[in-house]
Every structure is written in C-alpha cells, then in structure tokens.
Amino acid sequence: MKMSDMLATLAENARIFEERMGAWQAEMSKNSENAMEQARKWQETAVQRQEEVNRQMSSYMESASEQVRNQWQQMQAAWESQFEKMRQQGEEMRANAMKMTGGAEGKGFADWAEAYAAQMVAFSQKMQGEAANAIATATEARSKSGKKT
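Numbered according to the working numbering, the sequence shown terminates at residue 163, and the numbering increases by one at each position without gaps.
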C-alpha cells in the first residue's frame, strides 16, 4: 500500500469517526433532554398527587377524633424528622462525592447524582406502596364497619 493511500484511508476513517461522534453527541443530548422532560413531568404529577393527598388528609382530619389527630401529628413529626435526617445524609454524601469526583463539573459527580436520584425515586415508590397498603386497609376496615369512605 502506498503512503498516499494510507493517508487517504486515515483521513477517510477520521471523517467517518467525526460524523459518528457528531451523531453520538446529538443522540446523547437528545436523551438528556428527554430525561429532563420526563423528570419535569414526573415532578408535575407528583405535585398533583401530593395536592390530592393533602385534600384527602384535610377531609379525614376534619372528621377524625382528637385521639386520632394527636396520633397523626406524632407520626407526622416522626416522619418529618426522619426525612430531614435522610436529607442531611444525602447532602453529606453529595459533598463527599464532589470531593472525590472533581467537583460539580466532574463526570463522576453526574454519575453519583443520577444514582442518588434513582435511589430516591425507588424509596419514594416504596413509600407509595406503603401508602397504597394503608389506603386498602382503611377501605377494608371502613367497609366492614359500614362507614362511607
């Protein structure tokens, strides 16, 4: 093979590689935009679900006895305290991840943040499962007692 043929082949391979890189970068950007859009949609529906739960809770609390209200307030305070502890631990872990991975601009931090978000979503889904079980139990208990839900 002649030197000119080798250089032509290398130049052609470099051009093809640049085209592929451009396509990969465009696809990665598109996927990132799609992920952000999905996160925004999830957040919007989460806010709507929370508003509905708040309305239902207000309705339940209006008809609940004083003892039930007190128990609810104690549980709510315990849950809020636990959430705050988890949030603080998350912040500590985030600070440690930023030190280890080159700061907010480092690729490692982006990987860590994605993993953290995935864990929080999984935890939220577990909590939603618990809530669904509690609703089912309440519905069953109300049906047995003859009260309307």
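Ideal placement from N, C-alpha and C gives every residue a C-beta, glycine not left out.
Can you check whether the C-beta of residue i is within less than 8 angstroms of a C-beta belonging to chain C?
i           : result
residue 130 : Absent here is chain C; the protein component of the structure consists of one chain.
With a 10 Å radius around its C-beta and 16 neighbouring C-beta atoms as the bar for buried, classify residue i as buried or exposed.
i           : result
residue 111 : buried
residue 163 : Confidence at residue 163 is low in this model, with a pLDDT of 47, below 50, so the placement of that residue should be treated as unreliable; the coordinate-derived value is given next. Exposed: under 16 other Cβ atoms inside 10 Å.
Please name the residue, chosen from the options, that lies closest to residue i on a Cα-to-Cα basis.
i           : options          : result
residue 122 : 108, 33, 100     : 108
residue 90  : 68, 125, 60, 154 : 68
residue 142 : 156, 64, 28      : 64
residue 128 : 147, 61, 20, 104 : 104
residue 153 : 74, 100, 31      : 74
Is residue i helix, strand or coil by DSSP?
i           : result
residue 16  : coil
residue 143 : helix
residue 160 : coil
Leaving out the 5 sequence neighbours to the left and right, which residues in its chain are closer than 7 angstroms to residue i when beta-carbon positions are compared?
i           : result
residue 150 : none
residue 92  : none
Which residues in the same chain have their Cβ closer than 8 angstroms to the Cβ of residue i, if we skip the five residues on either side of it in sequence?
i          : result
residue 52 : none
*Identify every run of the alpha helix (DSSP H) within the region 42-116, keeping only runs that are complete inside it and at least 4 residues long; order them along the chain.*
Those alpha helix (DSSP H) runs which fall completely within the region 42-116 and span 4+ residues are 80-114.
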